[in-house]
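Residue numbers (our numbering): 33 to 174.
Notes follow the structure.
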Ligand SMILES: [Zn+2]
């Protein structure tokens with residue numbers, strides 16, 4: 033597995049993303065919802081990878097819910113940067129990263145697919161995330 037790190041601007045919240053996929057093979061999704069557009073977010077995940085979000089202290093981590101309210105969108109309370117999203121269900125927990133916040137600036141980010149999930153209901157949205165997002169945990173310490 034290769035390891036990719038990312039963080040918010042001030043470094044208070046971060047993530048570690050493990051995947052066997054080379055960056056050129058990542059699926060880069062440009063969600064067209066108003067939140068992701070406002071952040072210019074470009075998301076990726078790997079169902080066979082592993083993702084860990086960390087916060088230097090829990091007070092730095094803002095969990096924002098909107099729309100159907102099924103996932104936590106993770107923002108830094110200090111600098112405001114959106115680093116990724118997290119969902120916990122009866123079957124487990126998964127996440128995506130906002131590839132804009134990767135430490136390594138990867139060239140592939142221009143190869144993005146616009147995505148529109150407006151037609152999903154709560155059930156289908158959760159099911160998609162369980163299949164497509166990366167198994168994930170959130171911990172307090174880096
Ligand atoms: Zn920050």
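Just so you know, even glycine gets a beta-carbon here, dropped at the ideal spot from N, CA and C.
It should be emphasised that the depicted structure is a prediction, and the values quoted were computed from it without experimental measurement.
**Prompt:** Would you say the beta carbon of residue 110 comes nearer than 7 Å to a heavy atom of ligand 1?
**Reply:** Under cutoff, so the answer is yes.
**Contacts around residue 40, its chain only, beta-carbon distance under 6 Å, and the 5 residues preceding and following it disregarded** = Residues 108, 111, 113, 115 of the same chain have their beta carbon placed closer than 6 Å to that of residue 40, with the five preceding and five following residues left out of the count.
**Asked** Of the choices 54, 56, 55, 72, whose alpha-carbon is the least far from that of residue 62?
**Response** Here the closest residue by C-alpha is 72.
**Request:** Pull up the CB-CB distance for residue 127 and residue 168, whole angstroms please, since I reckon it's below 8 Å.
**Result:** The pair is a contact, with the Cβ atoms about 3 Å apart (cut-off 8 Å).
**Message:** Tell me the DSSP secondary structure of residue 123 in three-state form.
**Reply:** The answer is coil: DSSP assigns residue 123 none of H, G, I, E or B.
**Straight-line Cα distance separating residue 148 from residue 65** = Distance between the alpha carbons of residue 65 and residue 148: 7 Å.
**Request:** Just the C-alpha distance for residue 60 and residue 79, rounded to the nearest angstrom, thanks.
**Result:** Whole-angstrom Cα-Cα distance: 14 Å.
**Request:** Following the continuous beta strand (DSSP E) through residue 70, name the residue where it begins and the one where it ends.
**Result:** Where residue 70 is concerned, there is no enclosing beta strand (DSSP E), although the alpha helix (DSSP H) it sits in stretches over 66–71.
**Asked** If we ignore side chains and look at the alpha-carbon of each, how far apart do residue 57 and residue 87 end up?
**Response** Their backbone Cα atoms lie some 28 Å apart in a straight line.
**Message:** If you reduce the DSSP assignment to three classes, tell me which class residue 146 lands in.
**Reply:** If DSSP states are grouped into helix, strand and coil, residue 146 belongs with the strands.
**Item:** Collapsed DSSP secondary structure at residue 117 in the structure displayed
**Value:** Strand.
**Message:** Any heavy atom of ligand 1 closer than 7 Å to the beta-carbon of residue 72?
**Reply:** Residue 72 has its Cβ no nearer than 7 Å to any heavy atom of ligand 1.
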